[in-house]
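Q: Numbering (my numbering), first residue to last: 2 to 300. Each residue gets a CB set at the ideal place from its N, CA and C atoms; glycine is no exception. Note that the coordinates shown come from a computational prediction; the quantities given were computed from them, not determined experimentally. Below is the structure I would like to discuss, written out as structure tokens.
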């Protein structure tokens, strides 16, 4: 989110375009090294790739960018950004697991864990001061649009087979570069003024996060589906990212935010969230034993 905020402050479209180009380069190299150029002849390009894959790049990144520009701080955008974890679980259940019967107790426990994780993000982003949040309709809508878009992208990515993964991501980033090039024309005057620092931020955001990061995330989604692992246990791990990034920043910058009460509360919530999501079945069994004890005839 810090990198996204830096780009949003300086540009609406040009830096996003540069970031997408870095993503495209990383994804192309990954695909060619992992599968070879013949992969483009083997893989069948589906219409859904062209409709859904840009949601994870263009719509998500523009949404985060515009939401960040609408707010004076990054707190609100950070909170709205991590709604994608919740939307990923919702859309995975609606689109992929609609025919799978699941215990209602397990579903409730999973959602409780995710809500606790999201609460940890809220506490962390606001530093425990909830009055710092304010309603900004454009910022709110852009942030939620980003969360929904990435949720749909993540849910669908789990259905993409291993051979098609690189192509799926390349289609998304190529379409994003193509579509964002049009509004980027309004910021052509910014190109000569771009600094190496801004280009470095674009590379870190595009090449590392949207390049390597997306490869890892979509692979995790696919493996979770294949191994019949509930997506909540995977998605909940992503809620650790804002906590981890702040902890690393504090350690390197020699700050002491991690000793503040709000940070410790956030840490406790994120740990509790992770435990609940990872041990859903165990917790459900314990709950059912307490609510449905064996009758004397069963003993």
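1) Roughly how many angstroms separate the alpha carbons of residue 62 and residue 15, rounded to a whole number?
2) Within 8 angstroms, do at least three Cβ pairs link the region 20 to 28 to the region 174 to 183?
3) Just the Cα atoms here: how many angstroms apart are residue 225 and residue 231?
4) How do the region 148 to 165 and the region 49 to 62 stand: do at least 3 beta-carbon pairs fall below 8 angstroms, yes or no?
5) Specify, as a first and last residue, the run of the alpha helix (DSSP H) that residue 239 falls within.
6) Helix, strand or coil for residue 196? Go by DSSP, reduced to three states.
7) Is residue 261 helix, strand or coil when you go by DSSP?
8) Secondary structure at residue 228, three-state DSSP: helix, strand or coil?
9) Could you give the residue range of the alpha helix (DSSP H) that holds residue 188?
10) Given a cut-off of 8 angstroms on the beta-carbon distance, is the pair residue 264 and residue 168 in contact?
11) Nearest-angstrom Cα distance between residue 280 and residue 290?
12) So, for residue 45: in the same chain, excluding its five sequence neighbours on each side, which residues have a beta-carbon less than 6 angstroms away from its beta-carbon?
13) With a 10 Å radius around its C-beta and 16 neighbouring C-beta atoms as the bar for buried, classify residue 138 as buried or exposed.
14) Taking 7 angstroms as the cut-off, does the CB of residue 225 come closer than this to any heavy atom belonging to the ligand HEM?
15) Which value, in whole angstroms, describes the spacing of the CA atoms of residue 110 and residue 144?
16) Using C-beta distances below 6 angstroms, list every residue in its chain close to residue 159, excluding the 5 sequence neighbours before and after it, in chain order.
17) With respect to the alpha helix (DSSP H) encompassing residue 1, which residues constitute its N-terminal and C-terminal limits?
18) Are there 16 or more other CB atoms within 10 angstroms of the CB of residue 56, so buried, or fewer, so exposed?
19) Do the region 188 to 197 and the region 64 to 71 meet, that is, are 3 or more Cβ pairs less than 8 angstroms apart?
20) Give a yes or no on whether the C-beta atoms belonging to residue 240 and residue 123 are separated by under 8 angstroms.
21) Counting along the chain, where does the alpha helix (DSSP H) carrying residue 18 start and finish?
22) In terms of residues, what are the limits of the alpha helix (DSSP H) holding residue 94?
23) Using the C-alpha atoms, what's the distance from residue 171 back to residue 36?
24) Below 8 angstroms between beta carbons: does that hold for residue 203 and residue 19?
25) What's the C-alpha gap between residue 50 and residue 262?
26) Quick one, are the C-beta atoms of residue 270 and residue 120 less than 8 angstroms apart?
27) Indicate whether at least one CB of chain B lies closer than 8 angstroms to the CB of residue 18.
28) Of all the options 47, 28, 276, 85, which has the alpha carbon lying nearest to the alpha carbon of residue 64?
A: Let me spell this out:
1) 12 angstroms
2) yes
3) 7 angstroms
4) yes
5) Per DSSP, residue 239 belongs to no alpha helix (DSSP H) and is neither H nor E.
6) coil
7) coil
8) coil
9) Per DSSP, residue 188 belongs to no alpha helix (DSSP H) and is neither H nor E.
10) no
11) 16 angstroms
12) none
13) exposed
14) In terms of ligand content, the structure shown is empty, and the ligand HEM therefore cannot be addressed.
15) 26 angstroms
16) 222, 223, 226
17) Absent from the model: residue 1. The displayed extent of the chain is 2 to 300, so no value can be given.
18) buried
19) no
20) no
21) 15 to 36
22) 84 to 96
23) 13 angstroms
24) yes
25) 45 angstroms
26) yes
27) In the structure shown, chain B cannot be found, because there is only a single protein chain.
28) 85
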